[in-house]
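Residue numbers (the working numbering): 1067 to 1239. C-beta atoms are modelled at their ideal positions from N, C-alpha and C, and glycine is treated no differently.
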């Protein structure tokens, strides 16, 4: 069975109304986050293997963008996803819904799922390998910030960042 070349499925009927990505926050070009990532690397020297993570960012930041903007949540982390009986029951914190890179929604695969369920999700999605890798890159960018920023103020969020980074590294990134 072949996959369409550039479609990340959504059940939302909410279109962008012709609005493009605003340029603020996540969702545009990965390479535009270099200054933020430098801050993250500098603040993580005592916490993570920063040289290896810098090399990884060097590859991820170059992933091109091919898909048009779509309306995205932009923050599908464990605290914003409600699960009941092993199934998605709801999504919280939708105030930031905006046009952006649809691959941004794929961060959920890295933040929420271990290797086996993530691979099942990947098999069932209609998205390109490039979109999948961009989703991984957005999860990386978000996790790098979470590890150091929330270390003392919200340790569970810092641990989520570490767990996601470990999943990304284990994936052969």
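Taking the beta carbon of residue i as the centre, do at least 16 other beta carbons fall within 10 Å, making it buried, or is it exposed?
i, result
"residue 1081", "exposed"
"residue 1224", "buried"
"residue 1236", "exposed"
"residue 1178", "buried"
"residue 1206", "buried"
Report the CB separation of residue i from residue j in whole angstroms; it is logged as a contact under 8 Å.
i, j, result
"residue 1110", "residue 1210", "7 Å"
"residue 1241", "residue 1135", "The structure shown has nothing for residue 1241, since the chain only spans 1067 to 1239."
"residue 1138", "residue 1093", "7 Å"
"residue 1199", "residue 1119", "Not quite, the Cβ-Cβ distance comes to about 16 Å (not below 8 Å), so this is no contact."
"residue 1148", "residue 1158", "7 Å"
Helix, strand or coil for residue i per DSSP?
i, result
"residue 1183", "helix"
"residue 1165", "strand"
"residue 1136", "strand"
"residue 1156", "strand"
"residue 1172", "helix"
"residue 1148", "strand"
"residue 1195", "helix"
Measuring alpha carbon to alpha carbon, tell me which of the options ends up nearest residue i.
i, options, result
"residue 1146", "1134, 1160 and 1153", "1160"
"residue 1213", "1095, 1162, 1228 and 1186", "1228"
"residue 1085", "1237, 1175 and 1164", "1164"
"residue 1141", "1180, 1208 and 1231", "1208"
"residue 1106", "1116, 1097 and 1187", "1116"
Using the DSSP secondary-structure output, state which residues sit across from residue i in a beta bridge.
i, result
"residue 1231", "According to DSSP, residue 1231 bridges with nothing at all."
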